[in-house]
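One structure is given below, encoded as structure tokens.
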Amino acid sequence: MMKYIYIFLLLFFGIGRLHAQPEMDQKRLAEFQKLTQQRVNDLQLYISLIADKSLSIEQREQAVELAVSLFEKDYMVNGKRRTPYVQVSRRNGTISSVPVRIYFKNLMNVKFDKVEITYYDAAVVSEFEKGTDGNYHATATYYQQFKGMDKKGNLLYGSRDRKDIRVTAQSAAVYAQAGKEDLKIFFGDITVRDTVPIPGF
Amino acid sequence: MATNIITLWAFALLIPFSGLRAQVAPPQADTTRQAAGSTDLKKRAAESFMNGQIKYVSDFIDRFNNAAKTENGGENALRALFNEDDPRLPGTGRQHHPYASQVDAFVQSVQTAKFIIPKRGTMRAVIGIKVRCDGTPDTLKLHLRKDYTADSAAYWHIVRVIAPSRLLEEKGNARKMQTSGTRAELPPNANEVSFLPLLRGLDDYQSLAPFTHCMECRDAAWQKVESALQSGHMTTEAVISNKIYLAAGDWEMELGEFIREKENSGWLISDLVEKTKP
Numbered sequence: 001m002m003k004y005i006y007i008f009l010l011l012f013f014g015i016g017r018l019h020a021q022p023e024m025d026q027k028r029l030a031e032f033q034k035l036t037q038q039r040v041n042d043l044q045l046y047i048s049l050i051a052d053k054s055l056s057i058e059q060r061e062q063a064v065e066l067a068v069s070l071f072e073k074d075y076m077v078n079g080k081r082r083t084p085y086v087q088v089s090r091r092n093g094t095i096s097s098v099p100v101r102i103y104f105k106n107l108m109n110v111k112f113d114k115v116e117i118t119y120y121d122a123a124v125v126s127e128f129e130k131g132t133d134g135n136y137h138a139t140a141t142y143y144q145q146f147k148g149m150d151k152k153g154n155l156l157y158g159s160r161d162r163k164d165i166r167v168t169a170q171s172a173a174v175y176a177q178a179g180k181e182d183l184k185i186f187f188g189d190i191t192v193r194d195t196v197p198i199p200g201f
Numbered sequence: 202m203a204t205n206i207i208t209l210w211a212f213a214l215l216i217p218f219s220g221l222r223a224q225v226a227p228p229q230a231d232t233t234r235q236a237a238g239s240t241d242l243k244k245r246a247a248e249s250f251m252n253g254q255i256k257y258v259s260d261f262i263d264r265f266n267n268a269a270k271t272e273n274g275g276e277n278a279l280r281a282l283f284n285e286d287d288p289r290l291p292g293t294g295r296q297h298h299p300y301a302s303q304v305d306a307f308v309q310s311v312q313t314a315k316f317i318i319p320k321r322g323t324m325r326a327v328i329g330i331k332v333r334c335d336g337t338p339d340t341l342k343l344h345l346r347k348d349y350t351a352d353s354a355a356y357w358h359i360v361r362v363i364a365p366s367r368l369l370e371e372k373g374n375a376r377k378m379q380t381s382g383t384r385a386e387l388p389p390n391a392n393e394v395s396f397l398p399l400l401r402g403l404d405d406y407q408s409l410a411p412f413t414h415c416m417e418c419r420d421a422a423w424q425k426v427e428s429a430l431q432s433g434h435m436t437t438e439a440v441i442s443n444k445i446y447l448a449a450g451d452w453e454m455e456l457g458e459f460i461r462e463k464e465n466s467g468w469l470i471s472d473l474v475e476k477t478k479p
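So the protein lines, in turn, are chains A and B.
Here my numbering is used: the first residue of the first sequence is 1, the next is one more, and so on.
Here my numbering is used: the first residue of the second sequence is 202, the next is one more, and so on.
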């Protein structure tokens, strides 16, 4: 008897959480724009740590995991594990698309002895727009300068990139009593495009 | 028994609050961050091109509408929305091109009629996807449209397919295939990341069907591409072009993305079509 009551209570309150997602007001969405900017800041920090060759492999691998945790979870389609993509387009015409985890792992294993990554006070987030999945979608944009050097500090490679990240604010819970909704921010696909030439490169 | 039921009710009442974690909580404790000895990221001041760049189509619409409403300086603001490196526009050492007269006529008509582009108006896109047909590189062109639902949501979907030339050259009808009933809708901002969600989706499903909602859009070219995707003869690699089309009065603007280090960059007008003229 107790078992059935227990299952009933779990189902009753559990399903209650799946209620339709109410419309978010502009003020709340503006708050989520700010939150997205904080997440972009976190991502930039993790990328700097991944590329920092003065750190231990363990620390850099942990930074990879932290960076990946900011992205949408992997999903299964046709029995294959799928994940957001990073598409890198260079001015010389080369374009490559790789899963986010591979992208971060590649950054960890770049051949340069020293890597210097610089960010700019220019990160912006577009307005959130509702999708048919009930989630809210935006795009975050930031600029990054990358320098790869040899042991003596000679510049071997440099680029300045614009990165656009698809952002999804997924409804995590609905508090009907309080009339509030909480959203969780996840990053999705990224486009990386270089804005070269950089003077001196 | 009664005590047990009260305990269970109390437990069940707590369930809705389990979602309170994560977003409202401070960021994950990060030992790596502490080990690195830096908790703040040092950033340089933004360069002027970074602030001037038109980053999103919604930004373009805002700038266009502001320019259309402005009495003084509106014309210059409108002209700044064009790709200034377009060799058809007036410039040092450039010969006059009929496109320049078309741009003049467009600017004049916008200023006279004060066209406003609605943020949720008609928007379409044409993208080029680099594909391999039996190992040979080629380009697949897809026409997409952004639609809106009654509950204010928006999504992109495929409305037309232009098959790679190699597939069109193949004789015979497309192989009969089974298309799944799966329906997938691309997010409203897919255009801002070169439609990567679509590229990923084509790879996931090996089919155009989940992203093509209109049955009349499934013409012969669509069938050929669908057949090649399903059989594995055609694989997608990267999105190589991304154009957005917006209507303004009797005109249609083609927007291209110009990523470069100057203020005249980002989403800019790359072409114009006057609808009343063929």
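All C-beta atoms, glycine included, are put in the ideal place defined by N, C-alpha and C.
Just to confirm before moving on: does the CB-CB distance between E127 of chain A and A140 of chain A stay below 8 Å? In the first sequence, residue 127 of chain A corresponds to position 127, counting from 1. In the first sequence, residue 140 of chain A corresponds to position 140, counting from 1. No, Cβ-Cβ distance for E127 of chain A and A140 of chain A is not below 8 Å.
Within a Cβ cutoff of 6 Å, which residues of the same chain sit near D189 of chain A, ignoring the five residues on either side of it in sequence? By one-based count along the first sequence, residue 189 of chain A stands at place 189. P84, Y85 and R166.
For R401 of chain B, return the contacting residues in chain A, with the cut-off set at a CB-CB distance below 8 Å. Here residue 401 of chain B refers to the residue found at position 200 of the second sequence. Within 8 Å Cβ-Cβ: R82, P84, Y85 and D189.
Just list the residues that DSSP pairs L469 of chain B with in beta bridges. Locating residue 469 of chain B in the second sequence gives position 268, where the first residue counts as 1. Answer is B:G457, bridged to L469 of chain B.
Is there contact between the region 109-118 of chain A and the region 319-337 of chain B, where contact requires at least three CB pairs shorter than 8 Å? Segments in contact, no.
Could you round the C-beta distance between K256 of chain B and G467 of chain B to whole angstroms and report it? I think they count as a contact, below 8 Å. Counted from its first residue, the second sequence places residue 256 of chain B at position 55. Counted from its first residue, the second sequence places residue 467 of chain B at position 266. Indeed, because the Cβ distance is near 5 Å, the residues count as touching under 8 Å.
Which residues in chain B have a C-beta closer than 8 Å to the C-beta of V202 of chain A? List them in chain order. The structure shown has nothing for residue 202 of chain A, since chain A only spans 1 to 201.
With distances taken Cα to Cα, identify the nearest neighbour of Q144 of chain A among A:K151, A:T195 and A:L155. Position 144 of the first sequence, counted from the first residue, corresponds to residue 144 of chain A. Nearest to Q144 of chain A by alpha-carbon distance, out of A:K151, A:T195 and A:L155, is A:T195.
I'd like to know whether the C-beta of Q164 of chain A is nearer than 8 Å to at least one C-beta of chain B. Walking along the first sequence from the start, residue 164 of chain A turns up at place 164. The amino acid occupying residue 164 of chain A in the given sequence is Asp; Gln does not appear at that position. It does: the Cβ of D164 of chain A has a partner Cβ on chain B nearer than 8 Å.
Verify whether the separation of the beta carbon atoms of V77 of chain A and F104 of chain A is less than 8 Å. Counting from one through the first sequence, the residue named residue 77 of chain A turns up at place 77. Counting from one through the first sequence, the residue named residue 104 of chain A turns up at place 104. With contacts defined as CB atoms closer than 8 Å, V77 of chain A and F104 of chain A fail to qualify as a contacting pair.
Nearest to A385 of chain B by alpha carbon, out of B:V394, B:Q407, B:R367 and B:P365? Stepping through the second sequence from its first residue, residue 385 of chain B is reached at position 184. When each option's Cα is compared against that of A385 of chain B, the closest is B:Q407.
Opposing strand residues paired with M24 of chain A [DSSP bridges]: Here residue 24 of chain A refers to the residue found at position 24 of the first sequence. DSSP, once it has assigned bridges, lists no residue as partnering M24 of chain A.
What is the rounded straight-line gap between the Cα of Q44 of chain A and the Cα of K244 of chain B? Within the first sequence, numbered from 1, the residue matching residue 44 of chain A stands at position 44. Within the second sequence, numbered from 1, the residue matching residue 244 of chain B stands at position 43. Taking the straight line joining both Cα atoms gives about 10 Å.
Classify C334 of chain B as helix, strand or coil using the three-state DSSP reduction. By one-based count along the second sequence, residue 334 of chain B stands at place 133. The answer is strand: DSSP assigns C334 of chain B an E or B state.
Neighbourhood of R193 of chain A by C-beta, 6 Å cutoff - its chain only, sequence neighbours within 5 removed: For the purposes of this step, residue 193 of chain A is taken as residue 193 along the first sequence, with counting starting at 1. Excluding sequence neighbours, R193 of chain A sits near S89 and R162.
DSSP-derived helix/strand/coil call for K34 of chain A: Counting from one through the first sequence, the residue named residue 34 of chain A turns up at place 34. Correct three-state label for K34 of chain A: helix.
Residues in the region 341-353 of chain B having any Cβ partner in chain A nearer than 7 Å: Cβ contacts with chain A come from T350 and S353.
Proximity test, W452 of chain B beta-carbon vs the ligand SAM heavy atom, cut-off 7 Å: For the structure depicted, the ligand SAM is absent and the ligand set is empty, with no information on it obtainable.
Would you give the residue range spanned by the alpha helix (DSSP H) that S366 of chain B belongs to? Position 165 of the second sequence holds residue 366 of chain B. Segment S366 to E370, the alpha helix (DSSP H) holding S366 of chain B.
Which residues bound the alpha helix (DSSP H) around L279 of chain B? On the second sequence, position 78 is the one that residue 279 of chain B refers to. Looking at the DSSP string, the run of the alpha helix (DSSP H) that includes L279 of chain B is G275 to R280.
Taking the alpha carbon of E285 of chain B as the reference point, which residue from B:E475, B:C418, B:A391 and B:R461 has its own alpha carbon closest? Locating residue 285 of chain B in the second sequence gives position 84, counting from the first residue. Among B:E475, B:C418, B:A391 and B:R461, the Cα nearest to that of E285 of chain B belongs to B:R461.
Could you say which of B:K463, B:T437, B:E371 and B:L447 lies nearest to F265 of chain B if we only look at CA atoms? Residue numbering aside, residue 265 of chain B sits at position 64 when the second sequence is read from its first letter. Here the closest residue by C-alpha is B:L447.
Please classify D213 of chain A: is it buried, with 16 or more other beta-carbons within 10 angstroms of its beta-carbon, or exposed? Any answer about residue 213 of chain A is impossible in this case: the structure gives chain A only from 1 up to 201.
Given that E129 of chain A touches chain B, what residues does it touch there, using C-beta distances under 7 Å? Here residue 129 of chain A corresponds to residue number 129 of the first sequence, with the count starting at 1. Result: A355, P389 and N390.
For E427 of chain B, does the three-state DSSP call read helix, strand or coil? Working through the second sequence from its first residue, we reach residue 427 of chain B at position 226. It is helical.
For L183 of chain A, which beta-bridge partners are listed by DSSP? Mapped onto the first sequence, residue 183 of chain A falls at position 183. Looking at the DSSP assignment, L183 of chain A forms a beta bridge with A:S171.
Give the single residue among B:I317, B:K342, B:G322 and B:A268 whose Cα lies nearest to the Cα of G186 of chain B. It is not possible to answer for residue 186 of chain B, since the shown part of chain B is limited to 202 through 479.
Please confirm whether T512 of chain B and L403 of chain B have their CB atoms less than 8 Å apart. As shown, chain B starts at 202 and ends at 479. That puts residue 512 of chain B outside it, with no answer to give.
S159 of chain A CB to nearest chain B CB: under 8 Å? The residue you call residue 159 of chain A lines up with position 159 of the first sequence. S159 of chain A does not count as touching chain B.
Going along chain B in order, which residues have a C-beta closer than 8 Å to the C-beta of A122 of chain A? For the purposes of this step, residue 122 of chain A is identified with residue 122 of the first sequence, where counting begins at 1. Under the 8 Å cutoff, chain B gives A247, E248, M251 and N252.
Between B:V308, B:D287, B:P365 and B:L387, which has its C-alpha nearest L279 of chain B's C-alpha? Your numbering for residue 279 of chain B matches position 78 in the second sequence. Looking at the Cα atoms, B:V308 is the closest of the given residues.
Taking buried to mean at least 16 other C-beta atoms within 10 Å of its own C-beta, is I318 of chain B buried or exposed? If you number the second sequence from 1, residue 318 of chain B lands on position 117. Burial call: buried.
Could you work out which residues of chain A lie near P365 of chain B, taking near to mean beta carbons separated by less than 7 Å? Taking the first residue of the second sequence as 1, we reach residue 365 of chain B at position 164. Within chain A, no residue comes near P365 of chain B; the closest Cβ sits about 17 Å away, beyond 7 Å.
What residues from chain B crowd round I95 of chain A, counting only those whose CB sits closer than 9 Å? Against the first sequence, residue 95 of chain A aligns to sequence position 95. Chain B residues near I95 of chain A: K331, E438, A439, V440 and I441.
Short Cβ contact (8 Å threshold) for G275 of chain B with A268 of chain B: Within the second sequence, numbered from 1, the residue matching residue 275 of chain B stands at position 74. Within the second sequence, numbered from 1, the residue matching residue 268 of chain B stands at position 67. Result yes, Cβ atoms of G275 of chain B and A268 of chain B sit closer than 8 Å.
Going by DSSP, name the residue or residues bridged to Y356 of chain B. What you label residue 356 of chain B is simply residue 155 of the second sequence in a count that begins at 1. The partner list for Y356 of chain B (beta bridge, DSSP) reads B:D348.
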